[in-house]
Amino acid sequence: MRKSCSNDGLKLNVIAGMHVVILGLDMAESDCDGLMGFAIHRTDHVEEEAYWLKGIKTFEETDPGFLPGSLYSTKHHPIQGFSWSDFTAKPGYEYTYRVQALKGRPDALEVYKEVKVKIKTESEEDGFNDIYFNRGASASQEYVRRFGNTRPDRGNPDDPRWAWLSRGLYEAVENFVARAEDERWGIRVCAYEFRLAEFADLLKSAQRRGVDVRVLYDANDNPPKDGVVFPKDENEATAREARIKSICQDRITRDDVKRPPISHHKFIVLTKDDEPVAVLTGSTNFSHGGVYGQSNCVHVVEEKQVAAAYYDCWDTIEDNPDHKKLKEKFSRQNEIPEGEAPQGVITIFSPQESLKALEWYAERAKSANDALFMTFAFGVNDKFMDVYENGSAALRYALLERLTHSSASEDKEAAMIRLRKMTENRFAVGNRITTNQLDGWVKENLTGLNTHVRYIHTKYMLVDPLSDNPLVVTGSANFSNNSTTKNDENMLIIQGNTRVADIYLGEYMRLWNHYAFREWVASQKSANQHFRHLDTTNQWWQSYFGNTARSRQRRYFSGQSST
Numbered sequence: 022m023r024k025s026c027s028n029d030g031l032k033l034n035v036i037a038g039m040h041v042v043i044l045g046l047d048m049a050e051s052d053c054d055g056l057m058g059f060a061i062h063r064t065d066h067v068e069e070e071a072y073w074l075k076g077i078k079t080f081e082e083t084d085p086g087f088l089p090g091s092l093y094s095t096k097h098h099p100i101q102g103f104s105w106s107d108f109t110a111k112p113g114y115e116y117t118y119r120v121q122a123l124k125g126r127p128d129a130l131e132v133y134k135e136v137k138v139k140i141k142t143e144s145e146e147d148g149f150n151d152i153y154f155n156r157g158a159s160a161s162q163e164y165v166r167r168f169g170n171t172r173p174d175r176g177n178p179d180d181p182r183w184a185w186l187s188r189g190l191y192e193a194v195e196n197f198v199a200r201a202e203d204e205r206w207g208i209r210v211c212a213y214e215f216r217l218a219e220f221a222d223l224l225k226s227a228q229r230r231g232v233d234v235r236v237l238y239d240a241n242d243n244p245p246k247d248g249v250v251f252p253k254d255e256n257e258a259t260a261r262e263a264r265i266k267s268i269c270q271d272r273i274t275r276d277d278v279k280r281p282p283i284s285h286h287k288f289i290v291l292t293k294d295d296e297p298v299a300v301l302t303g304s305t306n307f308s309h310g311g312v313y314g315q316s317n318c319v320h321v322v323e324e325k326q327v328a329a330a331y332y333d334c335w336d337t338i339e340d341n342p343d344h345k346k347l348k349e350k351f352s353r354q355n356e357i358p359e360g361e362a363p364q365g366v367i368t369i370f371s372p373q374e375s376l377k378a379l380e381w382y383a384e385r386a387k388s389a390n391d392a393l394f395m396t397f398a399f400g401v402n403d404k405f406m407d408v409y410e411n412g413s414a415a416l417r418y419a420l421l422e423r424l425t426h427s428s429a430s431e432d433k434e435a436a437m438i439r440l441r442k443m444t445e446n447r448f449a450v451g452n453r454i455t456t457n458q459l460d461g462w463v464k465e466n467l468t469g470l471n472t473h474v475r476y477i478h479t480k481y482m483l484v485d486p487l488s489d490n491p492l493v494v495t496g497s498a499n500f501s502n503n504s505t506t507k508n509d510e511n512m513l514i515i516q517g518n519t520r521v522a523d524i525y526l527g528e529y530m531r532l533w534n535h536y537a538f539r540e541w542v543a544s545q546k547s548a549n550q551h552f553r554h555l556d557t558t559n560q561w562w563q564s565y566f567g568n569t570a571r572s573r574q575r576r577y578f579s580g581q582s583s584t
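Numbers 22 to 584, taken from this note's numbering, label the letters of the sequence shown in order.
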């Protein structure tokens, strides 16, 4: 949901997802002289509470000296930025946000302008697209505040750290499986990683209710590491230990090559009376790391034709068909658009005979009018390198696990460094605060749940998400050649759904801001710099005007064109 209001030259544009509300602010440059920042007040109309929201930076002159990691009221220590996000919002709540522009001195702040907007956050379910993101940032100040630098207890499923990290994602999987009540229902699972014992137990319980449960998991004979074939060996062990091996089948993409393509799906199809009724898909592997560690989402589509397409995919690969014939079938079935996608939801499955789908993603990304947002877990494909160099959008965001793939050449790394210096491009790479010496912050530890990908695992693209006709591409594929022509993959193409775009955008900016700051901190030479203190020299707002990345961001999130 989006809503704007202007008062006395101060504009507030609010974009409400489910757990994230983005506030875009704007003022004339001529009004900003002496601006100390913005105080943000929130009224919660559901729980009937009203309070000033908090940030982590303070004025040095009025710093109360709380312990590192503490939060401070924006009434006394305002936000020095023209966009800010409320990460404490709850789905389906009504809030009023009141923003004050402050001038004066740190010990005598004065309200210069004020504006307010009442808005309702999106509910997790809308009857067609239900979307759930995990926390995806276990190495965070909030985790340390709540739990200290301790890892969740794998032996205790009731450890509250699991629920906090899941943030409703695993609960959505539980609820989806629970819908299959009896023998009238069926469940079809397609998994790359089938390594989560509690998920296997859910399926076992469904089988006991009479549900027709069938599971396909990756069983390719990949090169072993320390004697273990990943994920095959753990997938099979999970099935054995849950005593559901009889309902599980190996998915082997090719048995004639040493390094076979992977069966990279992560979806569940729900059927009733032998008819597909819904599908749960996304980037989340059925593992502790997938659900609770790295950033991930699950996306439930309650449209029979979409569920039917996924059911057909499961049925097609069940018998491990010839790889060439499989590519021929999906190439015939996929209706890759010419130009803009049709309104609604369509699906694209891999492997395919050509790179046409990948080329279409790059074409749509390159033609974005105002803004592009993409996630990259395994490096940036050359087609998207071109997008970030020559695209039309004045703002092009990239959220990456690492700047380049571990096998990238020096030329590729140099090209990425050059791209991130372009004014149009805003890159953020996964990182964490690794020291307690950083003024105002505490050291962050990872949960230890992930080895291959620690931070960014989502695979989605947002093209002009704040327009009236946004494009969202989301699923299991990594925007790569292999994901298009070799692996088992699936993608949802969602055109024209502003609710879906608002939810994805909020979650994107939550993680982008989180990791952009941490990457910047890691680049600083001294850990003892005063990163916690606000500017009192009348300088901070100046970078938000002129031809700068921050200026483009201000215009975009306040509801203007970013150019």
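Don't be surprised by glycine CBs; every beta carbon is placed ideally from N, CA and C.
Spatial neighbours of residue i in its chain, beta-carbon cut-off 6 Å, leaving aside the 5 residues before and after
i           : result
residue 256 : 215, 238
residue 66  : 115
residue 204 : 231
residue 220 : 307
residue 580 : 25, 34
residue 253 : 240
residue 166 : 90
residue 170 : 466
residue 562 : 53, 56
residue 571 : 564, 565
residue 329 : 297
Residues near residue i by beta carbon distance below 7 Å, same chain, minus five either side
i           : result
residue 381 : 357, 358
residue 124 : 55, 56, 57, 131, 133
residue 569 : 444
residue 601 : No answer is possible for residue 601: it lies beyond the span of the chain, which begins at 22 and ends at 584.
residue 314 : 159, 468, 470, 471
Integer Cβ distance of residue i from residue j, believed to fall under 8 Å
i           : j           : result
residue 213 : residue 287 : 6 Å
residue 158 : residue 478 : Residue 158 to residue 478, Cβ: 12 Å. No contact.
residue 321 : residue 299 : 6 Å
residue 512 : residue 305 : That belief does not hold up - the Cβ atoms of residue 512 and residue 305 are roughly 15 Å apart, past 8 Å.
Outcome for residue i when other beta-carbon atoms lying within 10 angstroms are tallied against a minimum of 16
i           : result
residue 118 : buried
residue 307 : buried
residue 438 : exposed
residue 575 : buried
residue 601 : This structure cannot settle anything about residue 601, because the visible part of the chain is limited to 22 through 584.
residue 278 : exposed
residue 202 : exposed
residue 559 : exposed
residue 473 : exposed
Those residues which DSSP pairs with residue i across a bridge
i           : result
residue 272 : 239
residue 508 : In the DSSP output, where bridge partners are listed per residue, residue 508 has none listed.
residue 340 : According to DSSP, residue 340 bridges with nothing at all.
residue 121 : 60, 135
residue 417 : 393, 446
residue 300 : 290, 322
residue 493 : 483, 515
residue 28  : 31
residue 210 : 236, 289
residue 71  : 64
residue 246 : 249
residue 100 : 59
residue 105 : 44
residue 168 : Partner(s): none; residue 168 has no beta bridge.
residue 151 : 321
residue 130 : 125
Local conformation of residue i per DSSP, three classes
i           : result
residue 114 : coil
residue 552 : coil
residue 368 : strand
residue 312 : helix
residue 279 : coil
residue 265 : coil
residue 476 : coil
residue 348 : helix
residue 179 : coil
residue 77  : coil
residue 407 : helix
residue 201 : coil
residue 87  : coil
residue 141 : strand
Close-in-space but distant-in-sequence residues of the same chain around residue i (CB under 8 Å, 5 per side omitted)
i           : result
residue 344 : 274, 275, 282, 372
Residue i beta carbon near the ligand PLP (any heavy atom closer than 7 Å)
i           : result
residue 306 : Within the structure as shown, the ligand PLP is missing, as the structure has no ligands at all.
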